[in-house]
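Heads up, the thing below is written out as structure tokens.
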Amino acid sequence: MKNRLTEELLSYNTENGTHGLSVLTDEPMSSHTTFKIGGPADYFITPKTEESLVFVLSKLKESGVRYFIVGKGSNVLFSDDGFTGAVVSTSAIDSVKVDGDVITAGCGASLTSVARTAARYSLSGLEFAFGIPGSVGGAVYMNAGAYGGEMSFVVSVTRSIDPVSGEIKTYKKEDHKFGYRESVFRRIDDVVLSTELRLSSGDRRSIENMMADYLERRQQKQPLEYPSAGSVFKRCEGRFTGQMIEEAGLKGLTVGGARVSEKHAGFIINIGGATANDVLTLIEMIKETVYARFGCFLECELIYVR
Ligand SMILES: Cc1cc2nc3c(=O)[nH]c(=O)nc-3n(C[C@H](O)[C@H](O)[C@H](O)COP(=O)(O)OP(=O)(O)OC[C@H]3O[C@@H](n4cnc5c(N)ncnc54)[C@H](O)[C@@H]3O)c2cc1C
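For any residue, its number in my numbering is found by taking its place in the sequence shown, counting from 1, and adding 10.
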């Protein structure tokens with residue numbers, strides 16, 4: 011089965027060559043996530059273009075193989091048992107085009123690179139995104155945000171594919187139904203193909219200064235020296251989650267190779283050899299303690315995949 015599907019997928023390359031796709035089998039997800047955790051996926055497929063992504067999705071549908079889309083893998087925790095099915099990475103679909111004050115980015119483009127491009131063209135609005143280690147598709151899906159900004163402020167149009175019908179759809183700003191770490195894409199199966207970001211013209215030096223300031227704040231406050239998936243939990247009504255975890259005395263709490271960061275209690279870090287089970291156990295301990303102390307039920311921002 012594995013060989014047959016791999017062959018069928020790779021047949022796409024005969025006509026499309028370098029615009030095709032790559033297929034790895036039994037590929038450890040620890041190599042494709044910022045947490046550096048996760049067992050093997052049966053298939054790890056990297057389409058190089060939108061067209062090859064469309065082909066991959068139709069082949070997977072035809073063969074009945076389940077799949078999961080990853081961008082930069084910076085908000086996911088894969089199970090230690092890996093993933094039965096195909097993980098499809100958008101990382102190679104990373105075109106970035108600038109037209110006036112609109113940037114159109116492929117789903118796999120790095121958010122930080124797009125923010126850098128915006129600065130180069132003196133376009134303001136994406137400063138907040140500098141340093142978020144995700145892809146544009148992942149950021150739209152999550153409505154990623156920081157320092158008072160979020161994707162919903164700048165996204166104007168998104169193109170996606172419905173993997174069941176194969177239809178290419180266009181979402182206008184209001185169709186995204188953005189909320190706190192929410193978008194319509196969390197509720198449907200569409201795969202984001204590309205997004206238009208509407209920015210405004212500004213002063214290049216001020217934009218770059220703001221980005222440098224945000225990056226410095228990240229370096230000072232976040233444990234960037236360790237693998238992680240960023241903030242594990244969503245905000246809790248009117249309270250800072252990290253502060254509650256800290257006040258509950260949980261900084262430094264360790265299970266196996268997973269630890270509540272001493273630098274930022276909202277982060278769980280992989281201090282070496284952490285398993286997904288270590289992280290999940292730690293998450294449960296944090297949730298229970300914070301609930302007992304503050305009566306606040308923490309919800310995960312991190313997405314667990316198995
Ligand atoms: C050190 C660190 C700092 C971080 N700081 C921030 C921060 O300040 N603010 C913030 O909001 N987040 C932050 N994050 C979390 C993360 O970077 C963001 O949520 C980011 O938007 C996820 O993008 P990704 O490409 O890595 O998505 P992935 O982790 O690959 O995927 C996340 C979800 O998006 C879905 N997805 C990805 N691409 C597509 C697509 N093309 N179409 C449909 N669905 C898709 C996946 O299926 C999955 O469900 C941080 C993470 C780290 C490690």
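Cβ atoms here follow ideal geometry from the backbone N, Cα and C, with glycine treated the same way. None of the values given here were measured: they were computed from a predicted structure.
Since residue i and residue j are thought to touch, with beta carbons under 8 Å apart, how far apart are those beta carbons, to the nearest angstrom?
i      : j      : result
LEU203 : VAL164 : In fact, because the Cβ distance is near 18 Å, the residues do not count as touching under 8 Å.
LYS179 : ASP199 : Contact flag wrong, Cβ pair sits at about 12 Å.
GLY144 : ASN85  : 7 Å
LEU290 : VAL270 : Actually they do not touch by this definition, with Cβ atoms about 14 Å apart.
LEU87  : ALA286 : 5 Å
ALA119 : ASP104 : 4 Å
GLY148 : GLY81  : 3 Å
PHE45  : PRO173 : About 26 Å; that fails the 8 Å criterion.
THR168 : TYR157 : Not really, about 23 Å apart at Cβ, beyond 8 Å.
ILE113 : THR127 : 7 Å
PRO38  : PRO57  : So it is not a contact: roughly 20 Å between Cβ atoms.
LYS183 : SER166 : 5 Å
Going by C-alpha to C-alpha distance, which of the options sits closest to residue i?
i      : options                           : result
PHE65  : LEU31, THR127 and LEU225          : LEU31
THR43  : GLY83, ALA302 and ASN26           : GLY83
GLU191 : THR127, GLY48, LEU312 and GLU72   : It is Arg, not Glu, that sits at residue 191 in the sequence shown. Ranking THR127, GLY48, LEU312 and GLU72 by Cα distance to ARG191 puts LEU312 first.
LEU133 : SER216, VAL98, TYR151 and ALA119  : SER216
GLU247 : LEU308, GLN229 and VAL75          : LEU308
GLY189 : THR122, ARG249, ALA154 and GLY116 : ALA154
GLY266 : GLN253, LYS273, ASN26 and ASN280  : ASN280
TYR224 : VAL194, ASP185, THR35 and GLY159  : GLY159
ALA125 : GLY135, VAL194 and LYS231         : GLY135
TYR53  : GLU298, GLY305 and ARG76          : ARG76
LEU70  : LYS231, LEU19 and ARG214          : LEU19
ALA139 : THR56, PRO50 and ARG227           : ARG227
VAL150 : ASP185, PRO173 and THR127         : ASP185
LEU260 : ASP213, THR299, VAL97 and LYS182  : THR299
ASP111 : ALA129, GLU72 and ALA302          : ALA129
GLY92  : GLY48, ARG196, GLY141 and SER241  : GLY48
LYS273 : GLU61, GLN229, ARG316 and THR35   : GLN229
LYS12  : THR28, THR35, HIS29 and SER41     : THR35
VAL33  : ARG169, GLY240, ALA102 and ASN219 : ALA102
LYS187 : SER241, SER210, LEU209 and SER162 : SER162
GLY74  : LEU15, ALA284, VAL242 and VAL106  : LEU15
SER62  : PHE78, GLU72, SER40 and ASN26     : ASN26
LEU263 : LYS244, LYS231, ARG245 and LYS297 : LYS297
CYS310 : PHE277, SER89, PHE304 and GLY283  : PHE277
GLU78  : SER170, THR100, MET254 and CYS306 : The sequence given here has Phe at residue 78, not Glu. For the residues SER170, THR100, MET254 and CYS306, the minimum Cα distance to PHE78 belongs to THR100.
TYR314 : GLU235, ASP288, LEU67 and ARG214  : ASP288
THR251 : TYR301, GLY282, ALA268 and ALA222 : TYR301
Mapping DSSP to helix, strand and coil, what is residue i?
i      : result
GLY212 : coil
GLU177 : coil
SER241 : strand
LEU290 : helix
ALA275 : coil
SER166 : strand
GLU184 : helix
GLU247 : coil
GLU226 : helix
GLY252 : helix
GLU309 : coil
GLU160 : strand
GLU298 : helix
GLU235 : coil
Give the range of the alpha helix (DSSP H) segment to which residue i is assigned.
i      : result
TYR151 : 146–152
THR285 : Unbroken run through THR285: none, as it is neither H nor E.
ILE198 : Note, ILE198: premise wrong, no alpha helix (DSSP H); not H, not E.
Return yes when the C-beta of residue i is under 7 Å from any heavy atom of ligand 3, and no when it is not.
i      : result
LEU234 : This structure lacks ligand 3; its bound ligands are ligand 1.
Starting from residue i, trace the beta strand (DSSP E) both ways and give me its first and last residue.
i      : result
ILE313 : 313–315
ALA258 : Where ALA258 is concerned, there is no enclosing beta strand (DSSP E), given that its DSSP letter is neither H nor E.
ALA139 : Where ALA139 is concerned, there is no enclosing beta strand (DSSP E), given that its DSSP letter is neither H nor E.
ARG191 : Taken as a continuous stretch (DSSP letters only), ARG191 belongs to no beta strand (DSSP E), as it is neither H nor E.
Check your understanding: Which runs of the beta strand (DSSP E), 3 residues or longer, sit entirely within the stretch 53–126?
Key -> Segments of the beta strand (DSSP E) lying fully in the stretch 53–126: 77–80, 86–88, 93–99, 106–109 and 112–116.
Practice item. Please go through the stretch 16–52 and give each complete beta strand (DSSP E) segment of 3 or more residues, from N-terminal end onward. Key: Segments of the beta strand (DSSP E) lying fully in the stretch 16–52: 31–38.
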